[in-house]
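Since the structure comes first, as structure tokens, the remarks are kept for the end.
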Amino acid sequence: MNEKPVDIKKYLSDRVLKLEESPTFALEKKVDMLDGQLKAKGDYVVRFGIGQPDFNTPDNIKDAAKTAIDQNKTKYTASTGIKELKQAIVDKLARDNKLDYGLENIFVGNGGKQVLDAIMRAFINPQDVILVPRPYWVSYTQQVVLSEGIPLEVDFNDLLKIEVVHLKSLIKQYESRIKCLILNSPSNPTGAVYNLKELKEIAQICVENNIFIISDEVYEKFIFGNAEHISAAGLGDEVKNITLTVNAVSKTYAMTGWRIGYIAAHQDIISQMTKIQDQSASNPCTPAQWAAVEALNGDQESVEAMRREYEKRRDYIYNRLNGIDGIKCSLPEGAFYVFPDVSSFYKGSVKNSFDFSSELLEKAYVAVVPGAAFGDDRFVRISYATTMDKIKEGMDRIEKFCGSLSR
Ligand code: GLU
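Everything in the sequence shown is counted per this note's numbering, starting at 4 for the first residue and increasing by one.
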């Protein structure tokens, strides 16, 4: 039988057709395939691509989920989370971030990514502007696009942090069309951490111009040297009123697949956003919520052990990268990424960060994410959430690869 061809695209929304594929997830797919082929030859890809802890979820957390399942805690819950988890989040915010919230201020969803998407849906009318400081995590801009808003990129300074002069000029230009600014400290992809003075300056600008702050703090526990994590909402009531603090258990407790993220914000925002959760997700996975209760309330030693390990890796990789002729790399103060400038190698067949990353993958079997995906083509992102042995091997391969390129 001859099937009549259907032009599927005619039926799909402009929104979805315009949406870009996630570069981190796309790379994973490619790397999985290549890795499978290499295994047969006794080789493998060094995975510096997707940012996900190489550690296992701690046993106490896994046990809490097993117990929840055995106790048949497997049904629907309140759409924005069980009260035990909201209480654990309230306690965590008070203990770690000196933030005073009640249960009515908490929204739990399916990971940091989904709660951010819910925020975009709650705030954006078509053509509203969201300020997205470069370099940014890959999904921020696309989530804005999916909600039919405009992601407006803010330039960065020498420290890879918001260029305040540019921020002010964008505010002047776009004024009331701007709804929110995304703040991400520690930053994915740069590892930059905002200090008190920098945060105060930006928060003050937001207060004066009625711009909400979406403060993505998912890497807060991975901070190195003398750096300190400061929650924007802790800067005083004026700032707290306009801040949505976003966090998740994914990175802190090596729980990426469990999908539990949360928001703390003004009660009126949370109550409106609850409708989104009711109508779209029902609730975050029930046993995963119980696991998250244990993660937040239980022993925190595993977090510090991971932090120490990440710091060792950061030091090693930073030194190795800066030892390579042609690479410039600033010292990240947090998260588990480095963001080296490799643009001096853009010659011949390597014209940009996509070419650099593809050739590195195809010729040296090392996966990194092109900087263009984060808003700056000079860089590539390296995730060091992998073992020290793999990091050493990966750095040897990168060094050799760079040596083979002309500059
Ligand atoms: N946030 C991680 C990353 O940047 C996980 C992948 C993703 O969600 O994009 O690699």
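Where is the CB? At the ideal position from N, CA and C, for every residue including glycine.
Beta carbon of residue i nearer than 8 Å to that of residue j
{"i": "L170", "j": "T193", "result": "no"}
{"i": "G264", "j": "N244", "result": "no"}
{"i": "V141", "j": "R400", "result": "no"}
{"i": "G378", "j": "P138", "result": "yes"}
{"i": "V221", "j": "V242", "result": "no"}
{"i": "V415", "j": "V132", "result": "Only positions 4 to 410 of the chain appear in the structure, and residue 415 is not among them; the question remains open."}
{"i": "S218", "j": "T259", "result": "no"}
{"i": "Y340", "j": "N191", "result": "yes"}
{"i": "T389", "j": "F51", "result": "yes"}
{"i": "E336", "j": "V167", "result": "no"}
{"i": "Q292", "j": "L88", "result": "yes"}
{"i": "Y256", "j": "I320", "result": "no"}
{"i": "S383", "j": "S352", "result": "In the sequence as presented, Ser is not what sits at residue 383; that position holds Val. No; because the gap between Cβ atoms is not below 8 Å, this pair is not in contact."}
{"i": "L173", "j": "I216", "result": "no"}
{"i": "G397", "j": "V369", "result": "yes"}
{"i": "V371", "j": "L363", "result": "yes"}
{"i": "T289", "j": "T80", "result": "yes"}
{"i": "K182", "j": "F126", "result": "yes"}
{"i": "I109", "j": "A267", "result": "yes"}
{"i": "M367", "j": "F342", "result": "Per the sequence shown, the amino acid found at residue 367 is Ala instead of Met. Not a contact, by the Cβ cut-off of 8 Å."}
{"i": "G301", "j": "I92", "result": "no"}
{"i": "L106", "j": "K76", "result": "no"}
{"i": "K350", "j": "S409", "result": "yes"}
{"i": "V296", "j": "A67", "result": "yes"}
{"i": "P26", "j": "A376", "result": "yes"}
CA nearest to the CA of residue i, picked from the options
{"i": "P154", "options": "Y143, D161 and D379", "result": "Y143"}
{"i": "K393", "options": "K13, D57, A230 and H232", "result": "D57"}
{"i": "S346", "options": "K331, G337 and A338", "result": "K331"}
{"i": "E402", "options": "D380, F348, D358 and R381", "result": "F348"}
{"i": "T83", "options": "I214, K7 and Q280", "result": "Q280"}
{"i": "L149", "options": "I122, S172 and D161", "result": "I122"}
{"i": "K69", "options": "I208, V306, A294 and C405", "result": "A294"}
{"i": "V111", "options": "Q90, I127, P129 and E314", "result": "Q90"}
{"i": "A338", "options": "Q270, N128, H232 and I165", "result": "H232"}
{"i": "H269", "options": "A236, V34 and Y14", "result": "A236"}
{"i": "A308", "options": "S274, D344 and F227", "result": "F227"}
{"i": "N355", "options": "F342, D380, E365 and A367", "result": "D380"}
{"i": "S234", "options": "F357, K203 and S253", "result": "K203"}
{"i": "S179", "options": "V306, V296 and N128", "result": "N128"}
{"i": "S305", "options": "N59, E201, K200 and N100", "result": "N59"}
{"i": "E151", "options": "F159, R124, E365 and E6", "result": "R124"}
Identified DSSP bridge partners for residue i
{"i": "K331", "result": "D344"}
{"i": "V296", "result": "V296 is not bridged to any residue."}
{"i": "R384", "result": "V372"}
{"i": "V135", "result": "E156"}
{"i": "G337", "result": "I226"}
{"i": "I165", "result": "F159"}
{"i": "I181", "result": "V132"}
Burial state of residue i, where buried means 16 or more other Cβ atoms lie within 10 Å
{"i": "G104", "result": "Gly is not the amino acid found at residue 104; the sequence shown has Tyr there. Per the 10 Å Cβ criterion, buried."}
{"i": "D10", "result": "exposed"}
{"i": "K61", "result": "Looking at the sequence shown, residue 61 is not Lys but Pro. The residue in question, P61, is buried, as its Cβ has 16 or more Cβ neighbours within 10 Å."}
{"i": "R262", "result": "buried"}
{"i": "L299", "result": "buried"}
{"i": "D240", "result": "exposed"}
{"i": "L22", "result": "exposed"}
{"i": "I214", "result": "buried"}
{"i": "P287", "result": "buried"}
{"i": "L238", "result": "buried"}
{"i": "R311", "result": "exposed"}
{"i": "D120", "result": "buried"}
{"i": "G54", "result": "buried"}
{"i": "Q176", "result": "exposed"}
{"i": "M36", "result": "exposed"}
{"i": "M391", "result": "exposed"}
{"i": "K116", "result": "buried"}
{"i": "R317", "result": "buried"}
{"i": "Q146", "result": "buried"}
{"i": "L30", "result": "buried"}
{"i": "S16", "result": "exposed"}
{"i": "Y14", "result": "exposed"}
{"i": "A43", "result": "exposed"}
{"i": "G39", "result": "exposed"}
Taking only runs that begin and end inside the segment 184-266, name each unbroken alpha helix (DSSP H) of 4 or more residues, in chain order. 199-211 and 240-244
Contained alpha helix (DSSP H) runs [length at least 4] in the segment 43-114, N- to C-terminal order: Within the segment 43-114, the complete alpha helix (DSSP H) segments at least 4 residues long are 62-73 and 86-100, listed from N- to C-terminus.
Hey, which unbroken runs of the alpha helix (DSSP H) at 4 residues or more fall wholly within the segment 9-36? 11-14 and 17-21
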